[in-house]
Amino acid sequence: MSVAVRTVTTRRGIEAKVRTLGAEDNPPLLYLHGAGGLLPTEPVLDHLAERFAVFAPEWPGFGEEMTETQIEDMLDFTLHGWDLVDALGLEQPFLAGHSMGGMIAAEMAAINPGGLRGLALLAAAGLWLDDHPVPDIFAMLPFELAEVLFADPRAGEKVLTAGLDFADDDALKRFLVGNARKLGTAGKILFPIPNRRLSKRLYRVTTPTVLVWGAADKLLPTVYAERYRELLTATAAELRIVEGAAHMLPYEQPEATAAAVAGLLG
Amino acid sequence: MKFVWFNLQPWPYLPEDFREKYRSVWVDIPNTLFDPEKGHELYNMYLDQLEFAESLGFDGIGCNEHHQNAYGLMPSPNIIAAGLARRTSDAAICVIGNSIALYNPPLRVAEEFAMLDCISGGRLVAGFPVGTAMDTNFTYGQIPALTRDKYAEAHDMIIQAWTRDEVFAFDGKYNQLRYVNLWPKPVQKPHPPIYIPGGGSIETWDFCLDHDYNYSYLSFNGYKGGKALLDGFWERQAERGDRDDSPYRTSFAQIMCVADTDEEAEKLYAEHVLYFFNRCLHVYPGFSDPAGYRTVDTIKAGKLNQLRKENMEMFTKLTWKDLVDGGFVIAGSPDTVAEQMEYLATSLRVGTVFCLMSIGDMPDWKTRYSTQLFAEKVMPRLRNIWPDHDAEQWWCKPLANRVRHEGDDLNHARRHPDTPEGVL
Numbered sequence: 035m036s037v038a039v040r041t042v043t044t045r046r047g048i049e050a051k052v053r054t055l056g057a058e059d060n061p062p063l064l065y066l067h068g069a070g071g072l073l074p075t076e077p078v079l080d081h082l083a084e085r086f087a088v089f090a091p092e093w094p095g096f097g098e099e100m101t102e103t104q105i106e107d108m109l110d111f112t113l114h115g116w117d118l119v120d121a122l123g124l125e126q127p128f129l130a131g132h133s134m135g136g137m138i139a140a141e142m143a144a145i146n147p148g149g150l151r152g153l154a155l156l157a158a159a160g161l162w163l164d165d166h167p168v169p170d171i172f173a174m175l176p177f178e179l180a181e182v183l184f185a186d187p188r189a190g191e192k193v194l195t196a197g198l199d200f201a202d203d204d205a206l207k208r209f210l211v212g213n214a215r216k217l218g219t220a221g222k223i224l225f226p227i228p229n230r231r232l233s234k235r236l237y238r239v240t241t242p243t244v245l246v247w248g249a250a251d252k253l254l255p256t257v258y259a260e261r262y263r264e265l266l267t268a269t270a271a272e273l274r275i276v277e278g279a280a281h282m283l284p285y286e287q288p289e290a291t292a293a294a295v296a297g298l299l300g
Numbered sequence: 007m008k009f010v011w012f013n014l015q016p017w018p019y020l021p022e023d024f025r026e027k028y029r030s031v032w033v034d035i036p037n038t039l040f041d042p043e044k045g046h047e048l049y050n051m052y053l054d055q056l057e058f059a060e061s062l063g064f065d066g067i068g069c070n071e072h073h074q075n076a077y078g079l080m081p082s083p084n085i086i087a088a089g090l091a092r093r094t095s096d097a098a099i100c101v102i103g104n105s106i107a108l109y110n111p112p113l114r115v116a117e118e119f120a121m122l123d124c125i126s127g128g129r130l131v132a133g134f135p136v137g138t139a140m141d142t143n144f145t146y147g148q149i150p151a152l153t154r155d156k157y158a159e160a161h162d163m164i165i166q167a168w169t170r171d172e173v174f175a176f177d178g179k180y181n182q183l184r185y186v187n188l189w190p191k192p193v194q195k196p197h198p199p200i201y202i203p204g205g206g207s208i209e210t211w212d213f214c215l216d217h218d219y220n221y222s223y224l225s226f227n228g229y230k231g232g233k234a235l236l237d238g239f240w241e242r243q244a245e246r247g248d249r250d251d252s253p254y255r256t257s258f259a260q261i262m263c264v265a266d267t268d269e270e271a272e273k274l275y276a277e278h279v280l281y282f283f284n285r286c287l288h289v290y291p292g293f294s295d296p297a298g299y300r301t302v303d304t305i306k307a308g309k310l311n312q313l314r315k316e317n318m319e320m321f322t323k324l325t326w327k328d329l330v331d332g333g334f335v336i337a338g339s340p341d342t343v344a345e346q347m348e349y350l351a352t353s354l355r356v357g358t359v360f361c362l363m364s365i366g367d368m369p370d371w372k373t374r375y376s377t378q379l380f381a382e383k384v385m386p387r388l389r390n391i392w393p394d395h396d397a398e399q400w401w402c403k404p405l406a407n408r409v410r411h412e413g414d415d416l417n418h419a420r421r422h423p424d425t426p427e428g429v430l
């Protein structure tokens with residue numbers, strides 16, 4: 035699958051790099067990445083591009099540029115999502131988001147449910163259950179993350195480090211700088227508790243919705259998917275559990291994840 | 007030189023296997039290890055020590071702010087300072103300081119510091135730390151990437167509140183107040199001297215130089231480990247060329263233990279210093295640096311060791327000799343300590359020293375013994391290291407006619423069963 039990169043400027047004046055894949059006459063899908071950012075290879079996008087015209091923007095603060103300072107709170111994040119839809123000229127796109135991206139996608143749907151044809155929440159953050167406290171990724175060391183995020187931590191570590199050797203100082207430093215930008219930005223809506231009161235707004239979502247969850251998710255166990263379903267009172271959200279995957283399901287089972295999203299096409 | 011006596015007020019009852027059993031002394035330490043009845047004894051012992059230090063002629067006595075931390079019992083340093091303001095008459099009250107990004111609104115800091123300045127008759131030295139990640143982010147829930155921005159806004163509000171005579175509105179990003187109208191105001195004009203506890207970022211050096219604030223390097227790394235940071239500050243000062251090089255622009259915290267001889271110092275203090283380094287500094291590294299807390303430039307310049315699995319246990323292997331040779335601790339006879347302190351002051355170009363002399367689980371009598379030897383035999387030799395410089399710009403300016411507390415008995419020791427007869 036060929037990937038093109040477009041740069042668009044939103045009306046707020048933020049430049050965003052957007053990966054585009056798939057036939058232009060496919061229905062458009064905006065894909066919002068998680069707190070780890072877009073990795074060099076994103077197999078789930080390839081699979082999605084078989085059915086959709088995929089637009090995968092890099093979130094402000096996640097690239098090589100200096101830390102983004104305009105996007106500060108949840109409303110800023112949500113409006114930036116819609117600014118991207120406008121800047122890309124998308125008409126009633128499908129919207130999918132993973133983890134942090136799922137939280138933003140759900141907020142976007144709550145604020146403008148009619149603007150979307152379908153919504154896919156992949157292991158979406160944004161809710162908090164006292165009985166199932168979300169592990170604190172902000173207090174984890176680089177070598178501890180894979181254990182929590184992947185069904186197969188060994189394979190996961192390779193995905194996270196993209197082959198970097200942590201014994202090498204420069205490599206570890208590059209990883210930490212990247213992490214500081216990505217998780218630093220994510221912290222604006224996820225720290226210290228990933229709850230910006232989305233639960234009060236989900237009643238507004240009338241968009242057809244699918245919840246796609248890794249069966250072995252240890253960060254946001256499937257009980258969070260159930261909670262989403264309860265709170266999405268205006269739409270009959272379908273729950274699709276992906277076997278052999280945990281929180282990082284787009285990397286662990288990209289084909290099955292994409293197939294679950296494509297279920298929105300009917 | 008100025009000498010500030012400072013205790014961190016550690017909890018001295020951590021079990022021997024603390025490091026093996028628990029992951030951190032800070033943030034998520036089981037609070038069942040805290041015993042309020044022992045806390046009663048400790049707070050009073052530590053406050054007495056601070057008052058004792060004043061009676062020996064230390065220029066200042068100090069306290070700081072930590073939260074959910076077993077080596078620092080002062081989540082509210084202003085409560086400690088209030089006690090000291092009422093029981094002392096001459097020493098500067100150095101609150102180093104209030105983590106101003108944590109107070110909503112930070113007007114609270116402007117108010118409480120003004121109260122302390124009034125009660126003490128203008129003896130307040132005001133510290134404004136950004137605060138550690140353990141305190142600021144993990145305990146008080148501030149968003150790491152926004153902490154510095156919030157700090158800058160808090161600083162702006164406090165300075166305006168202290169210095170403006172009219173009622174004004176403050177339309178901040180994090181704080182909005184329709185009527186800022188400080189009551190009471192501080193005794194010292196335009197405001198008490200400000201100390202900025204900092205790490206090694208160029209932004210902090212410039213912030214201190216821009217405002218003529220004291221750059222305070224408060225760590226447990228000692229004078230050898232801290233040299234690079236002070237060198238960086240002075241290089242920046244020289245490079246800018248718009249500020250003088252008064253050593254009173256900087257202060258430095260140093261752990262010190264004084265005895266009759268070097269041998270006696272090891273015999274008396276080694277176990278307590280090792281308690282501090284091995285148990286009290288057992289902080290889970292995941293709490294020390296959440297993404298967004300440090301700037302990207304600071305990470306690029308920083309050390310990585312503690313983030314590696316194989317290096318997580320490195321403090322456990324430190325011995326007394328390592329600590330003394332590495333300059334973490336200045337310990338020994340008055341001669342030994344005076345020589346090393348002189349070297350510290352001149353090599354780092356430091357005007358004010360925060361003397362950390364109550365270490366780990368040190369009993370009261372040892373702390374007082376060490377402190378008294380320092381005051382009588384070391385301090386006089388160091389007083390005039392900087393004859394050409396005046397501390398005035400960076401020191402408090404007490405009222406000439408202030409309420410004094412001379413009737414109080416400040417010189418009694420809180421006796422513990424193990425205090426030898428005739429030692430004090």
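Chains as they are written, first to last, in my numbering: chain A, 35 to 300; chain B, 7 to 430. From the three backbone atoms N, C-alpha and C, an ideal C-beta is built for every residue, glycine too. Quantities reported herein were computed from a predicted structural model and do not represent experimental measurements.
Residue burial is scored here from C-beta neighbours: residue 185 (chain B) has fewer than 16 other C-beta atoms within 10 angstroms and is therefore classed as exposed.
For residue 132 (chain A), there is no enclosing alpha helix (DSSP H); the enclosing beta strand (DSSP E) covers residues 128-132. Look at the segment 288-300 of chain B: the residues with a C-beta under 9 Å from a C-beta of chain A are 290, 291, 292, 293, 295, 296, 297, 298, 299, 300. Cβ atoms of residue 66 (chain B) and residue 131 (chain B) come within 8 Å of each other, at about 6 Å. Contact of residue 152 (chain A) with chain B by beta-carbon distance below 9 Å is absent, the smallest such distance being about 32 Å. Every unbroken stretch of the beta strand (DSSP E) spanning 3 or more residues and falling wholly within the segment 116-152 of chain B is given here in chain order: 130-133. For residue 213 (chain A), the nearest beta carbon of chain B is closer than 7 Å to its own beta carbon.
Distance from the CA atom of residue 124 (chain B) to the CA atom of residue 223 (chain B), rounded to whole angstroms, is 27 Å.
When the five nearest sequence neighbours on each side are left out, the beta carbons in the same chain lying within less than 7 Å of the beta carbon of residue 232 (chain B) are those of 223, 225, 258, 354, in order along the chain. DSSP places residue 204 (chain A) inside the alpha helix (DSSP H), whose first and last residues are 203-224. Contacts between residue 235 (chain B) and chain A, judged by CB atoms closer than 7 Å, are missing: the closest CB pair is about 19 Å apart. Boundaries of the beta strand (DSSP E) harbouring residue 54 (chain A): 49-55, taken from the DSSP string. For the set A:194, A:225, A:187, the Cα lying nearest the Cα of residue 278 (chain A) is the one of A:187.
Between the segment 187-204 of chain A and the segment 95-113 of chain A, the count of Cβ pairs shorter than 8 Å is below three; the stretches do not touch.
Residue 217 (chain B) counts as exposed, since fewer than 16 other C-beta atoms from the protein chains shown sit within 10 angstroms of its C-beta. The alpha-carbon separation between residue 189 (chain B) and residue 402 (chain B) amounts to approximately 20 Å. As for any beta strand (DSSP E) of minimum length 3 sitting wholly inside the segment 275-308 of chain B, there is none. Of all C-beta pairs linking the segment 237-254 of chain B to the segment 199-217 of chain B, three or more are shorter than 8 Å, placing the two stretches in contact. Look at residue 201 (chain B) here: in three-state DSSP terms it is strand.
Cβ-Cβ distances below 8 Å link residue 199 (chain A) to 205 in the same chain, with the five nearest sequence neighbours on each side left out; the list follows chain order.
For residue 115 (chain B), the closest C-alpha among the options B:83, B:144, B:369, B:390 is that of B:83. Shown here, residue 37 (chain A) sits in coil according to DSSP, grouped into three states, outside any helix or strand. For residue 243 (chain A), the enclosing beta strand (DSSP E) stretches over residues 243-248.
About 44 Å separates the beta carbon of residue 24 (chain B) from that of residue 408 (chain B), a gap too long to meet the 8 Å contact definition. Annotation note: the segment 179-261 of chain B contains the following uninterrupted beta strand (DSSP E) runs of length 3 or greater, listed N- to C-terminal: 182-186, 200-203, 220-223. Taking 7 Å as the cut-off, the beta carbon of residue 263 (chain B) is found no closer than this to the beta carbon of residue 364 (chain B). CA-CA distance, residue 26 (chain B) to residue 298 (chain B), rounds to 30 Å. Residue 91 (chain A) is bridged by DSSP to A:52. Where residue 193 (chain A) is concerned, the enclosing alpha helix (DSSP H) starts and stops at 187-195.
Pairwise C-beta distances place the segment 58-65 of chain B out of contact with the segment 257-267 of chain A, as fewer than three of them are shorter than 8 Å.
Interface flag for residue 147 (chain B) against chain A is set, since a Cβ pair is found closer than 7 Å. Contact between the segment 138-154 of chain A and the segment 231-243 of chain A is present: three or more C-beta pairs spanning the two stretches fall below 8 Å. Distances from the alpha-carbon of residue 184 (chain A) to those of A:289, A:130, A:271, A:250 put A:250 closest. Secondary structure at residue 338 (chain B): strand, using DSSP grouped into helix, strand and coil.
Separation of the CB atoms of residue 136 (chain A) and residue 157 (chain A) is rounded to 7 Å, and the pair is thereby assigned contact status at 8 Å. Interface criterion met: the Cβ of residue 305 (chain B) is under 7 Å from a Cβ in chain A.
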